[in-house]
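Everything below concerns the one structure shown next.
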Amino acid sequence: MARLLLRDFDIRKAYLDGHAQAQLVDMLRPILKSAPLFRPTTASGKEMSVRMTSAGSLGWVSDKAGYRYQDLHPKGMSWPAIPDPILDIWRDLASSERDPDCCLINYYGEGTRMGLHQDKDEADFSWPVLSVSLGDDALFRIGNTTRGGKTESIWLNSGDVVIMGGPARLAYHGIDRIRFSSSRLLPKGGRINLTLRVAR
Ligand code: MD3
Ligand code: FE
């Protein structure tokens, strides 16, 4: 397992082996069944290309009323619990003090991207955010804590885990593109990204 530091982003290449990745995907199936993926709209009314849902006591939603964490899925059901093997990754790499209250699940189909943005909807930025990549390769772009300036890009592969703490926590970041069908982990292709967060 290689460890890479890029602008305070702590990247663990191949933290999860193939077996562990397949196990995580199996655990996500019932979650996606009880809390289906939805396509969020921005406050300006545009649909995002990524589809998402959450596990945990809180989930992230976005609609005409804005971005926020809330305790119910847009369709009204509670979010499913975060499976223990996912919490174990957080406890190993992010914090043994406190568990995350949100596991955001992003799904990238063919052609999906996520523009450069900051994650600022959480109450306390001193908690890190942890990301787990599953499925197709993704070109991840890292910027600065203010808009503009030079950026750096790195390919994230299935099984990679990234920890964003300290100065990286408020850095602009995004996904420029995925290499659709580059992985065989997900039968229909695409990429799942899990982000674990302390939202409140
Ligand atoms: C840096 N997700 O869900 S993961 C997001 O691959 C998000 O789905 C991307 O950006 C994805 O908000 C990137 C890496 C990541 C996640 C959260 C961060 C980087 C971050 C929070 C703060 C700083
Ligand atoms: Fe983000």
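Counting the sequence shown from 1 gives a position; our numbering is that position plus 605. All residues carry an ideal CB built from backbone N, CA and C; glycine is no exception.
Buried versus exposed, by CB contacts within 10 Å (16 or more), residue i
i      : result
Gln626 : buried
Ser683 : exposed
Leu663 : buried
Thr717 : buried
Ala686 : exposed
Leu610 : exposed
Ser649 : exposed
Asp615 : buried
Leu677 : exposed
Met719 : buried
Met606 : exposed
Ala743 : buried
Counterpart residues of residue i in DSSP-defined beta bridges
i      : result
Ala660 : Cys708
Ser787 : Ser787 pairs with nothing; no bridge assigned.
Glu715 : Note: Glu715 sits in no beta bridge, so no partner.
Val766 : Arg617 and Val737
Val666 : Arg673
His722 : His778
Ala743 : Leu761 and Ile783
Leu611 : Phe614
Ile797 : Tyr712 and Leu739
Glu702 : Per DSSP, none; premise fails for Glu702.
Thr646 : Glu652
Ser683 : Leu677
Arg802 : Cys707
Supposed contact pair residue j and residue i - C-beta distance, whole angstroms, cut 8 Å
i      : j      : result
Asp765 : Arg617 : 7 Å
His778 : Ile747 : 5 Å
Phe745 : Leu761 : 5 Å
Asn711 : Val655 : 5 Å
Ile797 : Leu633 : 7 Å
Leu739 : Leu629 : 6 Å
C-beta contact flag for residue i and residue j at 7 Å
i      : j      : result
Leu801 : Pro688 : no
Pro679 : Phe643 : yes
Leu799 : Gln723 : no
Asp741 : Ser787 : yes
Met667 : Cys707 : The sequence as given places Ser at residue 667; Met does not occur at that position. No, the pair does not count as a contact, with Cβ atoms beyond the cut-off.
Arg673 : Ala728 : no
Asp613 : Gly714 : no
I want to know whether the segment 695–703 touches the segment 733–748 - three or more CB-CB distances under 8 Å. yes
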